[in-house]
């Protein structure tokens with residue numbers, strides 16, 4: 433049990449849940465490949481890990497770029513020789529919450545970052561895991577993919593529901609290969625994504641949301657389970673839930 437010397441790719445690793453998970457995994461002895469659209473952010477996390485005595489690489493990359501994903505995977509394998517854990521955490525939401533107000537370019541962008549990129553990264557990492565007879569794919573979804581409301585909105589909720597089902601399909605396809613797939617399904621998490629909501633939640637509401645550290649701890653726990661065990665789904669909810677009616681004025 434544990435993540436000592438495991439090689440972990442973490443998408444969306446420059447901030448929020450991804451950054452926190454990367455730091456925790458590195459503190460426990462894992463080697464980290466950080467992936468994020470903003471190179472400066474993942475490079476800063478890489479440097480933070482190195483300053484703490486850990487080992488990390490950084491890739492400024494849009495996960496919807498299949499050639500970039502394949503190159504990142506090759507470089508990670510060249511550097512570390514294997515891939516033990518893939519944390520599919522990259523993604524963003526839309527400024528719009530309704531079907532008639534969400535523009536096509538936002539629909540495409542949310543699908544690409546949250547779902548298409550996840551599929552590309554999984555396709556790239558799976559062959560080496562299957563060959564090794566073990567590995568862990570951890571997908572980060574959202575309670576928005578389970579409960580319908582304007583908190584998540586039309587496209588984000590739809591895509592996160594697809595992430596949950598994608599994980600179920602991975603569990604089906606990877607049956608008895610030794611490779612496991614898990615999905616983390618958190619409610620509202622106090623991450624920078626909250627600042628981009630059409631109506632950002634007030635500071636007092638953010639104090640009752642799930643912290644990125646709790647999500648990171650859950651991911652580290654799932655990654656470090658003995659290979660005989662799998663948590664297929666883990667739902668995390670804020671103890672104090674905000675009413676969906678509070679978002680009635682979202683565009």
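Numbering (my numbering), first residue to last: 433 to 683.
Heads up, the beta-carbon is just placed ideally off N, CA and C, and yes, glycines get one too.
Values in this document were obtained by computation on a predicted structure and should not be read as measured data.
- Residue state for residue 600 is assigned as helix, using DSSP reduced to three classes.
- In this structure, residue 670 sits away from residue 626, with a CB-CB distance that is not shorter than 8 Å.
- Counted as a single uninterrupted DSSP element, the beta strand (DSSP E) harbouring residue 487 occupies residues 487–492.
- Under the three-state reduction of DSSP, residue 657 is assigned to coil, being neither helix nor strand.
- The region 603–616 and the region 498–518 do not touch, with fewer than 3 CB-CB distances between them shorter than 8 Å.
- The C-alpha of residue 468 lies about 19 Å from the C-alpha of residue 645.
- In the structure shown, residue 618 adopts extended strand secondary structure according to DSSP, grouped into three states.
- Looking at the DSSP output, residue 647 shares a beta bridge with no other residue.
- For residue 508, the enclosing alpha helix (DSSP H) has its first and last residue at 498–512.
- Here residue 462 carries a coil assignment [DSSP, helix/strand/coil].
- In the three-state reduction of the DSSP assignment, residue 518 falls in the strand class, which pools E and B.
- In this structure residue 648 touches residue 452 by the C-beta definition: roughly 4 Å separates them, less than 8 Å.
- Cβ contact annotation for residue 635 (same chain, cutoff 6 Å, sequence separation greater than five): none.
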